[in-house]
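Sequence lines, in order, name chains L and D. This note's numbering puts the first residue of the first sequence at 1, with every later residue one more than the last. This note's numbering puts the first residue of the second sequence at 1, with every later residue one more than the last.
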Amino acid sequence: MTVEKIDKKKKIIKTIRIDVDKCNGCRACEVICSAFHAAPKYSSNNPARSRIRIIRDPLRDIYVPVYAGDYTVSECAGRDKYMIDGKEYDECAFCRASCPSRDEFKEPDSGLPLKCDMCEGEDEPLCVKWCHAEALIYEEREEEAEEQEEPEDLEIGLESLADKYGMDKIMDAVARMNEKD
Amino acid sequence: MRYAETGFNLEIDLTRGNIEKVASDPKDTELYLGGLGTNAKILWDRVPPEVEAFSPENLLIFGAGLLCGTPATGCNRTIVTTISPQTKLMAFSMMGGFWAPELKYAGYDKVILRGKSSDLVYLYINNDTVEIRSASHLKGKGSIETAELLKKELNEPKAQVAAIGMAGENRVFYASIEQGRSSASRGGIGAVMGDKGVKAIVVRGTKDINVAEPEKYIELCNEVLEYIKFREENPIPGVMAILSRLGSPQEMAVHDEKWHTENFSWGNSRTRRKGFWTEEVEKEWTETLESARTRLVSCYNCPMKCGATLSLSGLPTYMMKCFTKLTYTMGAFSNLEFGLRIAQKATEYGLDGYSTPQVMAFALELLEDGILTDKDFPEMPEDTEGRFYYLLDKIVQREGIGDVLANGTHWAAQEIGNGAEEYAHNNIKKVEQLPLKLFMMNPIYYLMYCTGEKMNITQIEGQFPQAPFPKREHREKFVKDWFQVPDEKFKQYFLDWEMRGEKNVTPFYPTIEMTCEIVDWQEKMHYIDDALGMCAGLSSFHLKPPYHMHNFPKFITAGAGLEMDQDKLTKAAKRYRTLVRANNIRRGMRRKDEVPPADHWKKRFPELEKELLDTYYEYKGWNNDGIPTKESLHDLGLDYVAEDFLKRGILTDGDNSPGQDASSKQAVAEKEKK
């Protein structure tokens, strides 16, 4: 009997350590993130386009910076509550998904999903650089991971559009756009 | 495309329930920048002096600063402008927090309220959807309570809410507008909001704010952030704690209150308590703050932690900032625990933390001295702390003596009479001031107290050290990296300022000319902040701030796309500063009103003081009665103000220095005779 061997490869994982006790809720991370990802770069800013969000409820002392992760088509079962240090958090407060059950991590106009790219091309993510409270600390670590092809932005975007409008409508729209050209 | 600003204001007629989105004139931005500057222009154009604070024709303008919503660190202030019921002059109180950027993201630079709603309403602004909604269910609710209820009801946890409490609803003359950890408190603007029948303005926005030169702008922002870090790591030596570090100030982070408790006066701004700050007190107060404080918090896009969330046992959580920390404590001769507890109630009621304790201490002093009697205070508790709670409720409900006190010490004293006027001793232009009583008249502070139209010393001081440093070597060290000065001469002024000795000491140093320049510089930086929406805690309030005369023009050019340099900015600031004065002159303000609090200094110098004011007026382009001259108005492109002044007989044609009071005219006549 042979065991199928899965290819494992060492790779650098870029991570951010989030210290919720240090966050003071200023949202500078949202400001610089949305500015960096504007086109052209820094030409505009709008926290509603940011790929990091502070889940923030000052009177209940809740400050959780969360990064946009993967897009998901369906809601999950995660509706639990977490009690930490006497404070009640929604499970969603720690979730990175752009999903149908909330409006975090979606472009405000198109509804297309947003995902953190660690500010590709910069020495460190800019949210980390702009967080003087040191609630966000950039870390790199080496991990063994199964090799996997990352889907491209275009693919993720198309997938979410297909989920929203149905594949047929998308095909129609593409066909129409082709004709115009 | 408009940069930094949205180019639209919301015009809301509360009487008719009409809402309009109106494009603003880019020319006005060039001339008056934004925030306070354009607010002052709108007030000039639309609120003539016949209109009173509680007339439906009075406007209540919420103006986001020109650069609010851009990535400029700490640029988050809303400038609220109206006619004050307390001073009957133009009021412009500012609040930090999160409201102004949110308004920009919703697509507006200003919300302009006019008319009056017959029922209590709130405004809901969500991008292009703007509604006037019933707030009858919120009547009597606290300001923070209201914000929480509205966010929940609208299912908009990210909305920002500016709300009034019961004090605003009942038109207390020093009612504030509260917004999370911030408030616009001075001048009774909360009373005007209440008079208009508006309980709250809820804002949610998800649109973009553009800047003109993206790469350049972000570079400027990064420089500021780096300098903030440098300043955090290198506090300025030789000055008190809150001035050594940036912030608005960071009172909630500081435990050492020796300076405030021993140098400021207690009660009705009467008693200095030297030696108050003992180890025992320090230990107790530190424990109080540590146990109440759950977190130090910031305003939008700012790393300073000037505010805090406070949770005291048995009370709802609230947020505090700045010097309200001590005002109730010192007004009532009590401890920090009392101060923080009563401030919770006062914040929900929506009251100015400077005026309120002063008014209450004033009332108790009148009782003590028999001008008011026990009959005026039925069923009042015996202890001072209990009395403060009693008075707080009476004032906010305008019940009995509270109805009189709700108008502030000036008007209350007028109404009470019988010598009560002497007890309203800590005001400028009818507004209660910080409880500071000092010995030797200081020329810089003299001019600032006299001519400040923001009614608060902290809103005009800042750039220049408050006092000389003891040794020349300290001063040399200080000026070494003082690049913020607009002109090198200011360094010399400071270097030569001696603490004691025969030469170059207060009050004859800085000289009158130097004093004029220093005061003008300090004031100018505040006015620039107030047009841009910049927090004074990173700018005008501080020695060596990250924002200054050298980088502001660059911020405006790269951000708003306006061609700007130091001269142009100086002129713009002078233009709308003069417009603020013009609004007040038209409402009757004159030289006679420009005096410091009566007993602010023990040792006064009447001749020097007269010369200071004479020279400063001239320096500012104002005549001897404090009225901007036709010439200076023309120079600033404010001919329309001059025309109005001529029409009203405030200025007369041909005569460039009219409007002098009778005595000085007589003096001139006598001089001519000789």
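Note that beta-carbon positions come from the ideal geometry of N, C-alpha and C, so glycine has one too.
Between D/GLY69 and D/PRO26, the C-beta spacing is not below 8 Å. Ranking D/ASP653, D/ARG648 and D/THR652 by CA distance to the CA of D/PRO48 puts D/ARG648 first. Shortest Cα-Cα distance from D/LEU120 to any of D/TYR493, D/LEU154, D/THR309 and D/LYS199 involves D/LYS199. The closest CA to that of D/GLU213, considering only L/ILE54, L/CYS26, L/PRO40 and L/LYS129, is found on L/PRO40. Its chain contains PHE439 as the residues whose beta carbon lies nearer than 6 Å to that of D/LYS602, once the 5 sequence neighbours on both sides are disregarded; these appear in chain order. For L/SER44, the secondary structure class from DSSP, reduced to helix, strand or coil, is strand. Taking 8 Å as the threshold, the shortest C-beta distance from D/ILE218 to chain L falls below it. For D/GLU215, the neighbours in chain L by C-beta distance under 7 Å run, in chain order, TYR42. Around D/SER298, the beta-carbon contacts reaching into chain L at under 7 Å are ASN24, GLY25 and CYS26. D/MET564 and D/ALA106 have their alpha carbons spaced roughly 27 Å apart.
Within chain L, the residues PRO58 have their CB atoms less than 7 Å from the CB of D/GLY180, given in chain order. Within the stretch 57–79 of chain L, contact with chain D at the beta-carbon level (separation under 9 Å) is assigned to ASP57, PRO58, LEU59, ARG60, ASP61 and TYR63. When C-beta distances to chain L are compared with 8 Å, the residues of the stretch 219–247 of chain D below that value are LEU225, ILE228, LYS229 and GLU232, in chain order. From the beta-carbon of L/VAL128, no residue of chain D is found nearer than 9 Å; the closest lies around 13 Å away. Boundaries of the alpha helix (DSSP H) around D/PHE362: 355–368.
In the three-state DSSP reduction, D/TYR318 falls in the strand class (E or B). Residue ranges of uninterrupted beta strand (DSSP E) with 3 or more members, entirely inside the stretch 162–227 of chain D and ordered along the chain, are 177–179, 182–184 and 198–204.
Check the Cα spacing between D/TYR174 and each of D/ARG186, D/GLY165 and D/LEU31: the tightest is with D/ARG186.
Secondary structure note for D/GLY559: it is in no beta strand (DSSP E), and the uninterrupted alpha helix (DSSP H) holding it is 552–560.
Using a C-beta cut-off of 8 Å, the stretch 81–88 of chain D makes no contact with the stretch 241–248 of chain D, since fewer than three inter-stretch Cβ pairs fall below that distance.
Under the Cβ criterion (8 Å, minimum of three pairs), the stretch 493–503 of chain D does not count as touching the stretch 571–589 of chain D. For D/ALA558, the closest C-alpha among the options D/LYS216, D/ASN170 and D/VAL161 is that of D/LYS216. Per the DSSP secondary-structure output, D/ILE428 pairs in a beta bridge with D/VAL431.
Contact with chain D is absent for L/VAL174, since none of that chain's Cβ atoms lies less than 8 Å from the residue's Cβ.
With a threshold of 8 Å between beta carbons, D/ASP208 makes contact with chain L. C-alpha of D/LYS620 to C-alpha of D/GLY402: approximately 41 Å in a straight line. Beta-bridge pairing by DSSP links L/VAL31 to no other residue. For D/GLU131, the enclosing beta strand (DSSP E) has its first and last residue at 129–134.
In the structure shown, the three-state DSSP call for L/ASP90 is strand.
When the beta-carbon positions are compared, D/ILE444 and D/ILE512 stay at least 8 Å from each other.
Under the DSSP definition of a beta bridge, D/GLY417 lacks any partner. Annotation for D/ASP256: ALA241 place their beta carbon closer than 7 Å to its own, counting only its chain and skipping 5 residues before and after. The Cβ atoms of L/GLY69 and L/ARG96 lie closer than 8 Å to each other. Beyond the five residues adjoining it in sequence on each side, D/GLU131 comes within less than 6 Å, by CB distance, of TYR124 in the same chain, given in chain order. The CB of D/CYS302 comes closer than 7 Å to the CB of CYS26 in chain L, given here in chain order.
The beta-carbon of L/ILE32 is placed less than 8 Å from the nearest beta-carbon of chain D.
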